[in-house]
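Line order of the protein sequences matches chains S and E.
Each residue of the first sequence is one higher than the one before, counting from 287 in our numbering.
Each residue of the second sequence is one higher than the one before, counting from 287 in our numbering.
We put the CB at the ideal spot given by N, CA and C, even for glycine.
The structure appears right after this line, and notes come after that.
Protein chains: 2
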Amino acid sequence: MNTKQIRLKERPVGMPTYETFDWTNNEVSEPSEGEVLLKSIYISVDPYMRGRMNDQKSYVEPYRVGEVISGGVIAEVVKSNSAEYVPGDLVIGNLGWQTYQIANEDHLRKIDPKQAPISTHLGVIGMPGMTAYFGLLDIGKPESGETVVVSGAAGAVGTVVGQIAKIAGARVVGIAGTDEKIKYLKEELHFDEVINYKSDQYFEALREACPKGVDVYYDNVGGEVSDAVLRLINKGARIPICGQISLYNLEKPDYGMRVQPNLLVNSALMKGFIVSDYGAHFEEAIKDLSNWLQEGKLKYKETIVEGFENIPEAFIGLFKGENIGKYIVKVADPEHN
Amino acid sequence: MNTKQIRLKERPVGMPTYETFDWTNNEVSEPSEGEVLLKSIYISVDPYMRGRMNDQKSYVEPYRVGEVISGGVIAEVVKSNSAEYVPGDLVIGNLGWQTYQIANEDHLRKIDPKQAPISTHLGVIGMPGMTAYFGLLDIGKPESGETVVVSGAAGAVGTVVGQIAKIAGARVVGIAGTDEKIKYLKEELHFDEVINYKSDQYFEALREACPKGVDVYYDNVGGEVSDAVLRLINKGARIPICGQISLYNLEKPDYGMRVQPNLLVNSALMKGFIVSDYGAHFEEAIKDLSNWLQEGKLKYKETIVEGFENIPEAFIGLFKGENIGKYIVKVADPEHN
C-alpha cells in the first residue's frame, strides 16, 4: 500500500518555510506480529515541534534530517496482526506525518468515539489539556480569589488553563493577540479580562486588569509579553513555564531583563516542565478533564484544516497566531465509523 | 546615657560610600516596663541591607532616609525593666547600628554563651546559616551523588551551603574570587572543586569541574557568573535564588540571556526566597546547625573588624569580596561575661 510522508528536509533557521519539508511516497509493508497497519485520521501540529527541528537539546530528542516528522496522530486500524486491536479501532499515538503506517501495539492507546469527539484526544482531553492541567495545578497551584494570568490564552493549552483556573475559583486574565480571540475568551469561556498584547497600552491594560497583582502566571509565550506580567507578580507568585512560542523562531538567543532579582524579592517560583514529567499521573488528568468536559465546565474550540498536504501550512500558522484552540489537520475520514 | 548612631543619610546610587551614612549622638532614656537597655557587642553587616537602602520593594521594607540603620545585633542587657532579662544577659535581635539602645523584650531572643561562641548567632547558626539551610534543603533538595554548585561560596551563606551539601552526600563545586578563598574552601571545608570566576577560563573550568552537569545551583551572586552555571544544568535542576550581590549596586536594571527557555527544556525549578519565609521552622534549623557545629561537621570562619566607627567600611567591603565567612563588627566587650 502506498503512503505519503512528510520529512524534515533541512533544519529551519528562524521561521520554518515550505523548504523545511520534504515529500516522499513509499510502500507500507504488512504488519508483523504485534503490529497494526494504521490510516491517519487527524494529525496534530504543536508548537513544541519547532524545538525538535533544531539540532539542540529541547524537550524531546531532535528530529533527524531526512526523518519523517512525528507527533500526536489519531488513526484507524486498517489491518491488525495484534491481539489487542481489530480493524476499525481508533487509536492515538506518537506517529509519523504519513497517510498510512505500521505501528507496534505497545505504542498505541485505544480511544472510544462514544466518550468524546475523537479529535479532543489531541486537544482538550489530550496532550495540550494535560499540559494545562499539570502546569497549572501542580506548579501554579491557584487558590480561590487569586489572580491567574495566562499568555497564549486562546491556544490549545491556554484555553484549558483559564477554564481550570476558573474551576479553582481564581480570577483569570488572558493575553491574546486578536479581537476575535479576545471575544471568544470573554464571551464563550468567561475569562474575567483579556488583554491584547499588540496594543500600545498593553502594560497599562494588564495592570488595570490585575488590581491585586499576579499570583500565578502561566507562560506560553515568553519574551516581552511575559516581561510585562512579571512586573506585576505578588509575593509568593508561581510561574509555570510551559512554552516560549515568541522565541522558538529567533535566530539568536533572547536577551531581556534578568528575572532572578524579581523572583528573589517576591520569593517567587518559576518552573519549566513538559507533560511527560507527569506520565505517572496521566490517567487522573484525563479523568478530570473528561468529567469537566461532560459537565460543560470545559469548553473547547478546534481549528481544523483538511488535507494531508496542508500540514506544513498549519504548522507554520501556529507561529502566526492563526488558530483559536487546538490546531488539527484532518487527513481522512475513518472507514468503519 | 550617650549613644552613637549611624543613620541612612542618602540613598546610594550604585556602590554605597561614606556619604551614604550620617553619624549622630543621642541620649538613651531609661527602659520602660517590658524594656531593657542594651549595649551592642557584635553588629552584623549583610548584603541584603543594600536592598533596604533603595526606595523600592526588596526583601524587607526600605530604610527611611534619616533612620538609624538596623540589622542583626548581639547585645548585652545593661539595665532591665523586664521580667525576662537581667543585666548581663546576652541577646540577639534586629536592632539599630548604635552603641546603646532601648529595646522591647518581645523583640529579643536570649543566647547562651556556653552553647557556642556568641558571634556564631550572627553567622553559622544564625540568619546566614539558616538561609543556607532552608534554601539548600527545601528548594535545592540535593541528593547523594548529585552535583551542587554554590556561588559566593566563601561568604557567610555559601560556606554553610557547601558543607550542608557535603553532609547530604553531594559533590560540591564552589565559585569564589580569590586564591585565599579557594584555598580555604578546598583545604578547610573540603569542597570538591572551587572555581575562580575572575579567571579567563572560568566557564571551561566550571564545565570540567561538573562532568555530570549541575543538579543544584545555589545562587548568591547573579549576573554573568550565574549565566555560566545555568548553561550546565541538568534535567530537573533546582536553583534557589538566595542573593544577587553582583547586581545590588547596579544603577540600571540588569539584562542578560532570558532563563525561561533553559528552565523549560530542563524542567528546571528556580525559586527566590528569604529566610523569614521559613519563620515557623527556625528552631529545627538552629538545632540541626548547632548539632553539626558541635559534631565538627560544620566549620566556620569570621571576618571580624573592631570598632563601631568601622561599620560602614565593613558594609562596603561586603561588595568588594573582602570577607571570608561572616563579616562582623565588634563594637565592645560584654561587661559581665
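Query raised in the report: What's the gap between the Cα of E:L422 and the Cα of S:Y419?
Result: 29 angstroms
**Report entry** Neighbour flag for E:N506 against chain S, beta carbons, 8 angstroms
**Finding:** no
**Report entry** Proximal residues of chain S, C-beta to C-beta of E:K557 below 9 angstroms
**Finding:** L549, S553, A554, L555, M556 and K557
Query raised in the report: Within the 8 angstroms Cβ cut-off, does S:V354 reach chain E?
Result: no
**Report entry** Spatial neighbours of E:G529 in its chain, beta-carbon cut-off 8 angstroms, leaving aside the 5 residues before and after
**Finding:** P333, Y334, G438, V443, D505, N506, V507 and G508
Report task. Please go through the same chain and pick out, in chain order, the residues whose beta-carbon is closer than 7 angstroms to the beta-carbon of E:L323, but skip the five residues on each side of it. Result -> V314, P317, V364, K365, Y386 and I388
Query - Within chain S, partners of E:D540 - CB distance below 9 angstroms - result: M543, R544, Q546 and P547
Query - 8 angstroms CB neighbourhood of S:L471 in its chain, flanking five on each side removed - result: A439, A440, T445, G448, G460, A462, F477 and V480
**Report entry** Positions along the segment 562-588 of chain S whose CB lies within less than 7 angstroms of some CB in chain E
**Finding:** D563
Query raised in the report: Does the Cβ of S:V458 have 16 or more other Cβ atoms within 10 Å, making it buried, or fewer, making it exposed?
Result: buried
Requested in this report: Report, in whole angstroms, the separation of the C-beta atoms of E:A456 and E:V434, which I expect to be a contact under 8 angstroms.
Outcome: 4 angstroms
Query raised in the report: DSSP on S:E474, reduced to helix/strand/coil?
Result: helix
Query raised in the report: Is the segment 512-529 of chain E in contact with the segment 494-502 of chain E, if contact means three or more CB pairs nearer than 8 angstroms?
Result: yes
Requested in this report: Give a yes or no on whether the minimum CB-CB distance between E:L423 and chain S is below 8 angstroms.
Outcome: no
**Report entry** Beta-carbon spacing of E:I264, E:S330 below 8 angstroms
**Finding:** Since the first residue of chain E shown is 287 and the last is 623, residue 264 of chain E is not available in this structure.
Query - Simplified DSSP state of E:K427, which is helix, strand or coil - result: coil
Query raised in the report: Got a sec? Which residues, its chain only, sit under 7 angstroms from E:P414 by beta carbon, not counting five neighbours each side?
Result: A442, V443, V446 and K612
Query - S:D341 versus S:K295 - alpha carbon distance - result: 13 angstroms
Requested in this report: Can you pull the chain S residues whose beta carbon is under 7 angstroms from the beta carbon of E:L533, in chain order?
Outcome: P547
Query raised in the report: Listed in chain order, which residues of the segment 451-481 of chain E have Cβ atoms closer than 7 angstroms to some Cβ of chain S?
Result: none
Query raised in the report: Does the ligand SAM have even one heavy atom less than 7 angstroms from the beta-carbon of E:G409?
Result: Here there are no bound small molecules, and the ligand SAM is not part of this structure.
Query raised in the report: Which of helix, strand or coil does DSSP assign to E:A495?
Result: helix
Report task. Please name the residues in the segment 371-397 of chain S whose beta-carbon is closer than 9 angstroms to at least one beta-carbon of chain E, in chain order. Result -> none
Query raised in the report: Is it the case that the Cβ atoms of E:I292 and E:V354 are separated by a distance below 8 angstroms?
Result: yes
Requested in this report: Could you tell me whether the Cβ of E:I560 comes closer than 8 angstroms to any Cβ of chain S?
Outcome: yes
Query raised in the report: Shortest alpha-carbon distance to E:K557 belongs to which of S:L549, S:M301 and S:A454?
Result: S:L549
Query raised in the report: Can you tell which of E:W383, E:N482 and E:P348 has its C-alpha closest to the C-alpha of E:T310?
Result: E:W383
Query raised in the report: Shortest alpha-carbon distance to E:K593 belongs to which of E:I602, E:T303, E:A618 and E:K606?
Result: As written in the sequence, residue 593 of chain E is Gly, which differs from the Lys given in the question. Looking at the Cα atoms, E:A618 is the closest of the given residues.
Requested in this report: Quick one: measure Cβ to Cβ for E:L492 and E:L518, integer angstroms, because I've assumed they're closer than 8 angstroms.
Outcome: 7 angstroms
Requested in this report: Look at the alpha carbon of S:G603 and the alpha carbon of S:N609, and state the distance between them as a whole number of angstroms.
Outcome: 7 angstroms
Query raised in the report: At which residue ranges does the segment 369-433 of chain E contain complete beta strand (DSSP E) runs of 3 or more residues, listed in the order of the chain?
Result: 376-382, 386-390 and 394-396
Query raised in the report: With distances taken from CA atoms, which of E:G320, E:I378, E:M287 and E:Y328 is nearest E:I597?
Result: E:Y328
Query raised in the report: Is it buried or exposed for S:D465, if we count other Cβ within 10 angstroms and need 16 for buried?
Result: exposed
Requested in this report: Could you tell me if E:V645 is buried or exposed, where buried requires 16 or more neighbouring beta carbons within 10 angstroms of its beta carbon?
Outcome: With chain E running from 287 to 623 in the structure shown, residue 645 of chain E is simply not present.
Query raised in the report: Nearest CA to the CA of S:G300: which residue from S:L533, S:I411 and S:G542?
Result: S:L533
Query raised in the report: How would you write the range of the alpha helix (DSSP H) that S:Q449 sits in, first residue to last?
Result: A442 to I453
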